[in-house]
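The sequence shown begins at 281 in this note's numbering and counts up one residue at a time.
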Amino acid sequence: MRRGLFGKLQAKRDFVSQGAPRGFLSAFEPWIQGGVASSRAQLGEDWRAAYLTAPIWRFWLGPQLCGGVTTLGAFMPSMDGVGRYFPLSVALFAEPGEALSPPEADPQDLWFATLEDFLLSTLDQGVAFESVLESLEALPEPALEQPQARLVTPGAAAARVGEAGFAEACRSAREALARARAVADQSFWWTQGGEDFAPHALASTGMPDPAIFSAMISGRFTPAASEQ
281 MRRGLFGKLQ
291 AKRDFVSQGA
301 PRGFLSAFEP
311 WIQGGVASSR
321 AQLGEDWRAA
331 YLTAPIWRFW
341 LGPQLCGGVT
351 TLGAFMPSMD
361 GVGRYFPLSV
371 ALFAEPGEAL
381 SPPEADPQDL
391 WFATLEDFLL
401 STLDQGVAFE
411 SVLESLEALP
421 EPALEQPQAR
431 LVTPGAAAAR
441 VGEAGFAEAC
451 RSAREALARA
461 RAVADQSFWW
471 TQGGEDFAPH
481 ALASTGMPDP
491 AIFSAMISGR
501 FTPAASEQ
């Protein structure tokens, strides 16, 4: 399973984009850049304190958002080697034919804990960029969905016929197709929170409005959070 790293970390003096496919970057890069810019404008002088104490956010991106590839990942506040702030994101990308369940079906808590440990390790003083890349490649893969039926193309699902016969296989294929279509253009974002920051979960059709990024780092979730 392909791994990608995007953003800033102390081992480098500028942006890092390692292994992330173009389909992911075309959706994620403008979103997170827009989110950082919007949060700076919304939070003003409170931005730095909110950013530096923000929790790690986990995410699941449907295949329609990332060039046909389902994506699991996380991002955290970080900075480059000269102290310029920008989040660091790590993601793993499903291969064709692989199914990664959305968090409502399987939040993969143990796997995400390992992913968060990796992100936090990049903050260690003196860690070399080469060591970061080695740790990235050593990350375990998330558990794949093992359904009775699975997508074989974006518009078709297939199921093996078992003892229950063709009727049950057709039903399983139809249900698998409906589930996949229901979340194909969705994104899910969730965090365990931290000090003075309650756990939260977000669901969005497409990528969220970048204006909500200020709430994602400050914890100030209100109906008007994206209208300020």
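We put the CB at the ideal spot given by N, CA and C, even for glycine.
Tell me which residues share the same chain as residue i and place their Cβ nearer than 6 Å to its Cβ, disregarding the 5 neighbours each side in the sequence.
i    : result
Q290 : G361
P335 : T471, G473, G474 and F477
H480 : T471
P346 : Looking at the sequence shown, residue 346 is not Pro but Cys. Counting only Cβ-Cβ distances below 6 Å, and skipping sequence neighbours, we find G303, F304 and A307.
S494 : S319, Q322 and L323
A483 : F468
E309 : none
One question on the structure: do residue i and residue j come within less than 8 Å of each other, judged by their Cβ atoms?
i    : j    : result
P509 : G287 : Since the first and last residues shown for the chain are 281 and 508, residue 509 lies out of range.
Q344 : A464 : yes
W340 : P382 : yes
R282 : L380 : no
K292 : F366 : no
A374 : I497 : no
Q388 : P420 : no
E378 : L413 : no
V370 : L332 : no
Considering only the alpha carbon of each residue, which of the options lies closest to residue i?
i    : options                   : result
T402 : D386, P420, M356 and E378 : M356
D397 : L368, E375 and W327       : L368
M359 : R328, E378 and L416       : R328
G348 : A418, D404, E325 and P376 : P376
Note down, in chain order, each residue of its chain lying with its Cβ closer than 7 Å to the Cβ of residue i, except the 5 sequence neighbours on either side.
i    : result
T485 : D465 and Q466
D294 : D360
F501 : H480 and A495
S506 : Any reading at S506 is ruled out, since the residue's pLDDT is 45, under 50, leaving its predicted position unreliable.
Who are the Cβ neighbours of residue i in its own chain at under 8 Å, not counting the five residues just before and after it?
i    : result
E384 : F468
G406 : none
Worksheet item: Between the region 334-353 and the region 383-403, do at least 3 Cβ pairs fall closer than 8 Å?
Response: yes
Discussion item. I'd like to know if the region 307-319 and the region 483-490 are in contact, where contact means that at least 3 CB-CB pairs between them fall below 8 Å.
Written reply: yes
Item to complete: Tell me the start and end of each unbroken alpha helix (DSSP H) in the region 372-427 that is at least 4 residues and wholly inside, in chain order.
Response: 389-401 and 409-417
Worksheet entry | Runs of beta strand (DSSP E) wholly within the region 306-365 (minimum 3 residues, chain order) | 337-341 and 351-356
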